[in-house]
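Before any comments, here is the structure.
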Amino acid sequence: MVPSARFERHQEAGEKTGDCCGQQTTGQQQTRTTPHETISMSLTVFDWAIMLVYFAFIAWIGFYLKRITRTDDDFFLAGRRNSMWVCGIAFMSANMGSMEVIGYAGQSIKYGLYAAHFYLIGAVPAMLFLGIFMMPFYYHSRIKSIPGYLEARFNESARRFNALMFVVNMILVSGIALYLQALIFHTFLGWNWDLSIWLSAAFVALYVTLSGLISAMFTEILQFFLIWAGIVILGILGLVDVGGPGEIARALPEGFKTLWSTAGSPQENPMYVTWGGLVLGLGFAIAFGYWTTDFLIIQRAFSARDLRSARMTPIIGTYFKLLLGVIVVGTGMIALVLLNDPASGFNLLVENGRVNYDSAMPLLMRRYFTPGLIGVGVTSMVAMFMAGMAGNMSSFNAVWTYDVYHSVINRKASPKQLLAVGRIATVAGILLSVAGAYIARTMPTVIDYLQAISSMFLAPSVAVILLGMFWRFITPKGGLWGMLVGTVAAMALFLLQEVNMIPVSFVIPDFSGTDAQSYMAANFWRAVWAWLISAGTAIAVSFFTKKKSDEELTGFVYGLVETGEAVKGSVGLHKKPEFWAVVTLLIFVLINVVFW
Amino acid sequence: MDEAKMKTRSIWFFVGIVLSAMGFITFLAGILSVDGPENQTVRLATLHANIWWGVLMFLVGLLYVAVNRNKYIDR
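In structure tokens:
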């Protein structure tokens with residue numbers, strides 16, 4: 005049993021009071037911070053040279069690949085000729101944005117090992133489900149986007165509504181990503197804030213505009229390697245510094261180093277959540293929403309050369325996701341141990357009187373990295389941003405072009421016109437993201453806000469897509485109204501909470517804590533309610549509205565699609581997606597049992 | 043369109059080029075700053091991580107270049 009006061013004070017320090025100067029006692033833990041708002045890293049000529057190599061490649065690759073980008077299929081789906089490794093690594097790289105790496109290292113300081121749930125129950129089951137059960141529907145239907153699937157399964161209105169929600173979602177997320185990148189440049193390199201944001205935006209615009217998904221995937225694969233090059237060495241040096249994994253386990257209290265044993269009561273764990281919120285909210289409503297219906301991620305699998313490669317894409321991703329969790333959460337734990345050791349001299353950054361947990365990873369780089377490694381580290385952080393932004397923009401331009409422009413504005417557009425619209429949409433999307441970044445700059449808690457966005461935009465979609473994919477009963481109008489009512493309900497719950505018209509506890513069935521402590525739990529439960537409201541509405545409306553015939557649903561609904569391609573008798577066991585999914589599942593179970 | 047122009051080098055080849063270039067620069071930085079002032083201020087600087095990590099990046103990059111030097115993707 006862990007005294008709740010420890011977590012209460014710990015979170016109050018970071019989220020509520022922002023009283024960061026000097027010592028802050030948090031039960032057994034002490035979070036010591038200094039009132040710095042910018043901490044410059046001194047870059048040598050070698051560090052600049054490493055960054056120059058990276059930027060030169062990014063700028064060049066767009067031009068190199070432009071000559072092979074001739075059709076809209078090339079631009080939006082990278083020609084559908086990629087291997088499972090290219091797709092799998094690009095799939096993971098699109099997920100490895102600054103928020104997922106730097107953000108969750110910071111979250112590990114707040115939530116301890118509970119942050120690992122975002123890499124375990126919040127990722128693995130949904131990724132495996134996508135690869136094993138859902139990918140055949142997506143891939144066989146030859147759709148170019150998720151809204152495209154909704155049109156085929158339901159109707160044009162469902163497609164337009166989902167496309168609109170996706171576009172708004174992407175702009176919000178991209179704005180936050182741009183803001184975080186500018187924050188890194190501004191805070192750690194001392195660059196002008198405006199210059200940082202416009203320079204970052206310009207590079208993404210350059211290479212995504214020239215050759216779309218092909219260059220986005222090429223750079224994502226390079227960025228994948230660079231991100232690992234930066235964070236693995238950081239983890240190694242951090243472990244050496246604190247004395248190894250055993251020392252981390254010894255230094256941290258029980259509630260910070262277990263996954264489930266303290267999930268019986270919100271008061272016993274740092275996230276103030278129970279197993280119900282974790283399993284139903286994070287593991288189901290949010291994770292399935294993100295991993296199985298977010299086109300940003302799935303677009304990479306659509307570019308695979310065949311169904312087996314498409315199905316293997318998210319399964320390959322699970323292995324890297326688990327490894328990433330070890331590095332990111334491990335880095336956060338190392339920072340936590342150092343923060344609790346007065347002799348370490350390690351402090352977090354403070355902005356406007358508020359502890360910035362996201363500063364942990366960059367500050368650890370500053371602590372350990374010597375010339376050359378600083379360049380690798382900074383390039384790694386830039387690569388995280390670029391990978392995330394390229395993913396946002398390449399999916400944004402595809403949905404805008406096919407599901408808004410081609411579907412609503414110009415149905416007779418030629419492939420050449422679609423290609424041009426895709427390029428213009430990329431530039432427009434990036435300009436909107438720049439505007440979003442200036443808005444994000446005023447927001448207090450970016451990660452919590454991101455989870456709130458997921459609960460509003462993704463949970464209703466996944467409810468309707470899953471029901472529609474596995475149940476012929478759901479009608480076109482049922483699908484549309486399910487998404488509409490679910491999204492409006494989730495938005496209403498969030499906005500009413502933000503303007504203090506309803507307490508955070510309103511959506512949490514097992515609430516026991518303060519509103520500030522339970523913000524993440526509220527995001528999980530809001531997603532559950534959004535899912536249930538969407539599903540309930542879709543089922544209710546389907547009772548009274550016209551269904552599609554089996555002929556119309558062939559290829560889009562379970563039982564009416566050919567899924568045998570991946571399991572032909574000639575394919576060896578080691579080449580079957582199911583085999584590798586079972587291996588992942590065993591590792592997943594083992595980790596959860598060992599760290600129970 | 044000329045058939046030859048439609049051939050694109052494998053992405054793994056470019057990964058190798060960039061990794062080996064960055065690894066070499068990191069290694070060089072480590073060698074030239076062995077007795078630099080950073081060793082007094084940076085934690086664990088005496089491990090000279092930039093030297094061995096730079097070598098590792100360089101070798102991994104070189105391996106990717108060697109294995110993929112003749113591989114092209116038809117588009």
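Protein chains in written order, with my numbering: chain A, 5 to 600; chain B, 43 to 117. All C-beta atoms, glycine included, are put in the ideal place defined by N, C-alpha and C. Given the structure is predicted, the values throughout are model-derived calculations rather than measurements.
Following the continuous alpha helix (DSSP H) through residue i, name the residue where it begins and the one where it ends.
i: residue 85 of chain B; result: That residue, residue 85 of chain B, is in no alpha helix (DSSP H); it is neither H nor E in DSSP.
i: residue 184 of chain A; result: 160-188
i: residue 409 of chain A; result: Counting along the chain, residue 409 of chain A falls outside any alpha helix (DSSP H), and DSSP gives it neither H nor E.
i: residue 251 of chain A; result: 249-255
i: residue 528 of chain A; result: 523-548
i: residue 144 of chain A; result: 139-144
i: residue 271 of chain A; result: Run containing residue 271 of chain A: none; DSSP gives neither H nor E here.
i: residue 440 of chain A; result: 419-444
i: residue 396 of chain A; result: 377-403
i: residue 156 of chain A; result: 150-157
i: residue 582 of chain A; result: 581-598
i: residue 297 of chain A; result: 291-297
i: residue 108 of chain A; result: 108-115
i: residue 554 of chain A; result: 554-557
i: residue 129 of chain A; result: 128-133
Alpha carbon to alpha carbon, how far is residue j from residue i? Give it in angstroms, no decimals.
i: residue 25 of chain A; j: residue 442 of chain A; result: Low confidence applies to residue 25 of chain A: its pLDDT is 29, below 50, so where it sits in the model is not reliable, and the reading given next is rough at best. C-alpha separation (whole angstroms): 28 Å.
i: residue 497 of chain A; j: residue 527 of chain A; result: 10 Å
i: residue 88 of chain A; j: residue 96 of chain A; result: 12 Å
i: residue 585 of chain A; j: residue 88 of chain B; result: 43 Å
i: residue 239 of chain A; j: residue 373 of chain A; result: 12 Å
i: residue 400 of chain A; j: residue 343 of chain A; result: 40 Å
i: residue 90 of chain A; j: residue 428 of chain A; result: 27 Å
i: residue 225 of chain A; j: residue 234 of chain A; result: 15 Å
i: residue 250 of chain A; j: residue 64 of chain A; result: 46 Å
i: residue 341 of chain A; j: residue 252 of chain A; result: 6 Å
i: residue 583 of chain A; j: residue 290 of chain A; result: 26 Å
i: residue 188 of chain A; j: residue 357 of chain A; result: 18 Å
i: residue 31 of chain A; j: residue 351 of chain A; result: In this prediction, residue 31 of chain A has a pLDDT of 34, which is less than 50 and means its spatial position is unreliable; nothing more can be read from the coordinates.
i: residue 503 of chain A; j: residue 534 of chain A; result: 19 Å
i: residue 531 of chain A; j: residue 266 of chain A; result: 22 Å
i: residue 306 of chain A; j: residue 169 of chain A; result: 21 Å
i: residue 482 of chain A; j: residue 549 of chain A; result: 7 Å
In the structure shown, what three-state DSSP assignment does residue i receive?
i: residue 414 of chain A; result: coil
i: residue 32 of chain A; result: Confidence is the limiting factor: at residue 32 of chain A the pLDDT is only 36, short of 50, which leaves the residue's position unreliable, though a coordinate-based value still follows. The answer is coil: DSSP assigns residue 32 of chain A none of H, G, I, E or B.
i: residue 123 of chain A; result: coil
i: residue 308 of chain A; result: strand
i: residue 354 of chain A; result: strand
i: residue 370 of chain A; result: helix
i: residue 476 of chain A; result: coil
i: residue 9 of chain B; result: The question about residue 9 of chain B has no answer, for chain B in this structure spans 43 to 117.
i: residue 114 of chain B; result: strand
i: residue 330 of chain A; result: helix
i: residue 504 of chain A; result: coil
i: residue 86 of chain A; result: strand
i: residue 25 of chain A; result: Residue placement at residue 25 of chain A cannot be trusted, given a pLDDT of 29 that sits under 50; what the coordinates show is reported in the next sentence. Of the three classes helix, strand and coil, the one that applies to residue 25 of chain A here is strand, per DSSP.
i: residue 100 of chain A; result: coil
i: residue 513 of chain A; result: coil
Who are the Cβ neighbours of residue i in its own chain at under 7 Å, not counting the five residues just before and after it?
i: residue 186 of chain A; result: 197, 200, 201, 204, 441
i: residue 537 of chain A; result: 489, 490, 493
i: residue 384 of chain A; result: 230, 231, 233, 234, 235
i: residue 92 of chain A; result: 316, 317, 320, 321
i: residue 297 of chain A; result: 150, 462, 465, 466, 469
What span of residues does the beta strand (DSSP E) with residue i cover, start to end?
i: residue 360 of chain A; result: 358-360
Can you list, in chain order, the residues of its chain whose CB lies under 8 Å from that of residue i, leaving out five sequence neighbours each side?
i: residue 581 of chain A; result: 135, 136, 312, 315, 316, 319, 570
i: residue 111 of chain A; result: 119, 122, 336, 361, 451
i: residue 424 of chain A; result: none
i: residue 299 of chain A; result: 149, 150, 151, 170, 399, 402, 403
I'd like the list of long-range same chain contacts for residue i, defined as Cβ closer than 6 Å, with 5 residues on each side in sequence excluded.
i: residue 485 of chain A; result: 541, 545
i: residue 228 of chain A; result: 93, 97
i: residue 381 of chain A; result: 234, 369, 373
i: residue 264 of chain A; result: 600
i: residue 58 of chain B; result: 103, 106, 107
i: residue 72 of chain B; result: 90, 92, 93, 96
Three or more C-beta pairs closer than 8 Å, one from the segment 125-135 of chain A and one from the segment 454-462 of chain A: is that the case here? No, the segment 125-135 of chain A is not in contact with the segment 454-462 of chain A.
If we count Cβ pairs, one from each stretch, closer than 8 Å, do we get three or more for the segment 89-109 of chain A versus the segment 315-332 of chain A? Output reads yes: the segment 315-332 of chain A touches the segment 89-109 of chain A.
Are there three or more Cβ pairs, one per stretch, closer than 8 Å when the segment 471-482 of chain A is compared with the segment 156-163 of chain A? The answer is yes - the segment 156-163 of chain A touches the segment 471-482 of chain A, with three or more Cβ pairs under 8 Å.
Check whether the segment 392-402 of chain A and the segment 427-441 of chain A are in contact - that is, three or more C-beta pairs closer than 8 Å. Under the three-pair Cβ rule at 8 Å, the segment 392-402 of chain A counts as touching the segment 427-441 of chain A.
Decide if the segment 100-108 of chain B is in contact with the segment 50-66 of chain B; the criterion is three or more beta carbon pairs, one per stretch, under 8 Å apart. Contact between the segment 100-108 of chain B and the segment 50-66 of chain B is present, because at least three Cβ pairs lie under 8 Å.
Below 8 Å, can you find three or more Cβ-Cβ pairs linking the segment 131-140 of chain A to the segment 353-366 of chain A? Touching, no, given that fewer than three Cβ pairs across the two stretches are closer than 8 Å.
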